[in-house]
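**Q** Numbering (the working numbering), first residue to last: 698 to 1237. Yeah, the Cβ is synthetic: ideal placement off N, Cα and C, and Gly gets one too. Sharing a structure here in structure tokens format.
Put into structure tokens, the structure is as follows:
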């Protein structure tokens, strides 16, 4: 017997768990999130957020609020550089500014905000939409059967245990995920290669920083390897240390084992290049640099997301962003199945779509670690570094939940600068006017299925409305044209989406191209209805 029932139980209330909660709440899916800690993040981790992540937050109306919060923490759009020490000259620029070369690819920009700044916004927004969160609450055990998951929860501060029955469980419980281990899911990949620390400190850095806008500063000092992040006020920051040099000249990749306040102070001074600047250590956090991914992202009614599914070094800033991508892919599918719109086969597409993408990103983060931080690490089968924008915006999904046209070139990524609109890719950004105001095609996506029609495709809009009504799955329709619902003054829509003048494209709720009709069809309604049935795993 259970004390209560919920459609979805989320285990883990940090960045990815809160994102999952927010995205479920935005689709009015009742759920319970439990987190063993008493509140959101207390350390400023995962500070960089990519354009795709910001598009996701834009779809739930949080972009402006997050941008405002980020501006209070960091000077935005700074350089990513490599130095021997902060007092020395820049050795190498990875980015002159964080949005270099990607400004036109998205309606959102990359930005820096800590989890301390972001997580409370996600938590508040999710709760305002009806989400239920139970912090200081531990998952004690869970069991699965054919119909759901039975979980036992216990408050950390005393009180009776509670038994919760859920249709599905989403594990966002971190790199050491007890849920993953309980499911017997193994990790594959490079494994762990450094016992690292992040040193949070206070010091007057204003003279050293000067008028430079520095977002990330990699430190390649003869005696240590790591990176800096500085506060907007120039009086505090953190130094993540990957490795140091032992007295005998060998590399020490176990910094976390012996770190103390005195050594932390010494390391910060060396990385600054100014031993005369007083440094006060606030905290030292130990963590492991690793590159690994789960062998599967699903065990019956349990799904893994975020660090529970994949871990990677911070080089490239892909970790948190990849986890939010997991949440975005999974949330709408759970909403469709729980709401009765889709068959359960839709949930099989989560592993099929996300795992290949995550495997690629883990390897790209490892490649960057080897090339930027530690060239002594093994290079067997080292992936060639790929374009950051393509990793962020260009993954190509493949699963039974998509309806490709044939002729697949099997590319893992596409370049968002030359979009194709092929099935399985994120919707190419296209500037349009909406009700007289500037916007993006993305502004009409993310709230259900949507059909976008070329200038001569009015018949598709009528067909989409009728097909959606017949299946109980509303489909929004928009004609994209110089005088359309979405005003495309440059007449670029058909080219960006690979359509003829009377074609159309059907978009999933996660803004992924699900089906494309390059030209008019004899019976548009029949075509759209058949596409929806297949996409939603609905029987005729």
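For a test of the three-state rule: what should DSSP assign to residue 746, helix, strand or coil?
**A** strand
**Q** Buried or exposed for residue 855, going by 16 or more other Cβ atoms inside 10 Å?
**A** exposed
**Q** Checking 9 Å against the spacing of the C-beta atoms, do residue 1100 and residue 1211 come in under that value?
**A** In this structure, residue 1100 lies near residue 1211, with their beta-carbon atoms less than 9 Å apart.
**Q** Excluding the five sequence neighbours on either side, which residues of its own chain have a C-beta within less than 8 Å of the C-beta of residue 814, listed in chain order?
**A** 741, 766, 767, 769 and 770
**Q** What are the residues that DSSP puts in a beta bridge with residue 1033?
**A** Looking at the DSSP assignment, residue 1033 forms no beta bridge with any residue, so it has no partner.
**Q** Please work out which residues of its chain come closer than 7 Å, Cβ to Cβ, to residue 948, disregarding the five sequence neighbours upstream and downstream, and give them in chain order.
**A** Cβ neighbours of residue 948 beyond the five flanking positions: 940, 942 and 1073.
**Q** Looking at residue 1229 and residue 1146, is the spacing between their C-beta atoms short of 9 Å?
**A** yes
**Q** Touching or not, the stretch 717–727 and the stretch 827–846, by the rule of three or more beta carbon pairs under 8 Å?
**A** yes
**Q** Output yes or no for whether 9 Å exceeds the beta carbon distance between residue 706 and residue 863.
**A** It is a contact, given that the beta carbons lie within the stated cut-off.
**Q** Distance check for residue 1036 and residue 1171, CA to CA, integer angstroms please.
**A** Each residue's alpha carbon lies about 13 Å from the other.
**Q** First and last residue of the alpha helix (DSSP H) that includes residue 815?
**A** 812–825
**Q** Thinking C-beta only, is residue 916 closer than 9 Å to residue 745?
**A** no
**Q** Hey, quick one: how far does the beta strand (DSSP E) through residue 707 stretch, first residue to last?
**A** 701–708
**Q** Apply the 10 Å Cβ neighbour rule to residue 1190 and answer buried if 16 or more other Cβ atoms are within range, or exposed otherwise.
**A** buried
**Q** Start and end of the alpha helix (DSSP H) containing residue 1088?
**A** 1085–1090
**Q** Would you decide whether residue 820 is buried or exposed? Buried here means 16 or more other CB atoms lie within 10 Å of its CB.
**A** buried
**Q** Residue 977 bridges to which residues according to DSSP?
**A** 899
**Q** Look at the alpha carbon of residue 931 and the alpha carbon of residue 1052, and state the distance between them as a whole number of angstroms.
**A** Using only the alpha carbons, I get a separation of about 40 Å.
**Q** Between the Cα of residue 1077 and the Cα atoms of 846, 1083 and 1067, which residue gives the shortest distance?
**A** 1067
**Q** What span of residues does the beta strand (DSSP E) with residue 1175 cover, start to end?
**A** In the DSSP annotation of this structure, the continuous segment of the beta strand (DSSP E) that includes residue 1175 starts and ends at 1172–1178.
**Q** Counting C-beta neighbours from all protein chains within 10 Å, is the total for residue 945 16 or more, i.e. buried, or is it exposed?
**A** In this structure residue 945 is exposed. Its beta-carbon is surrounded by fewer than 16 other beta-carbon atoms within 10 angstroms.
**Q** Terminal residues of the continuous alpha helix (DSSP H) containing residue 1130?
**A** Unbroken run through residue 1130 is the beta strand (DSSP E), 1128–1131; no alpha helix (DSSP H).
**Q** Please state the DSSP three-state secondary structure of residue 1099.
**A** coil
**Q** Write down the C-beta distance between residue 1197 and residue 1223 rounded to the nearest angstrom, noting that I regard them as a contact closer than 8 Å.
**A** Between residue 1223 and residue 1197 the Cβ distance is about 19 Å, and since that is not below 8 Å, they are no contact.
**Q** Cutting at 8 Å between CB atoms, please list the residues of its own chain near residue 961, excluding the five before and the five after it.
**A** Spatial neighbours of residue 961 in its own chain (CB-CB distance under 8 Å, excluding positions within 5 residues in sequence) are listed in chain order as 894, 896, 898, 978 and 981.
**Q** Count the other CB atoms within 10 Å of the CB of residue 973; is the residue buried (16 or more) or exposed (fewer)?
**A** exposed
**Q** Would you mind giving the Cβ-Cβ distance between residue 787 and residue 711, rounded to the nearest angstrom? I have them listed as a contact below 8 Å.
**A** About 34 Å; that fails the 8 Å criterion.
**Q** Looking only at C-alpha atoms, which of 796, 865 and 996 sits nearest to residue 877?
**A** 996
**Q** Would you give the residue range spanned by the alpha helix (DSSP H) that residue 1190 belongs to?
**A** First-last of the alpha helix (DSSP H) with residue 1190: 1190–1193.
**Q** Confirm, please, whether the CB-CB distance from residue 1040 to residue 1024 is below 9 Å.
**A** no
**Q** Can you check DSSP and say which residues form a bridge with residue 1000?
**A** 867 and 995
**Q** For the stretch 1120–1169, list the beta strand (DSSP E) runs that are entirely contained and at least 3 residues long, ordered along the chain.
**A** The DSSP assignment places 1128–1131, 1134–1137 and 1146–1150 as complete runs of the beta strand (DSSP E) inside the stretch 1120–1169, in order along the chain (cut-off: 3 residues).
**Q** Would you say residue 1176 and residue 1208 are within 9 Å of each other, going by their C-beta atoms?
**A** no
**Q** Would you call the CB atoms of residue 1042 and residue 1097 closer than 9 Å?
**A** Judged by their CB atoms, residue 1042 and residue 1097 are nearer to each other than the 9 Å cut-off.
**Q** Following the continuous alpha helix (DSSP H) through residue 760, name the residue where it begins and the one where it ends.
**A** 760–770
**Q** Kindly indicate the opening and closing residues of the alpha helix (DSSP H) around residue 718.
**A** 712–723
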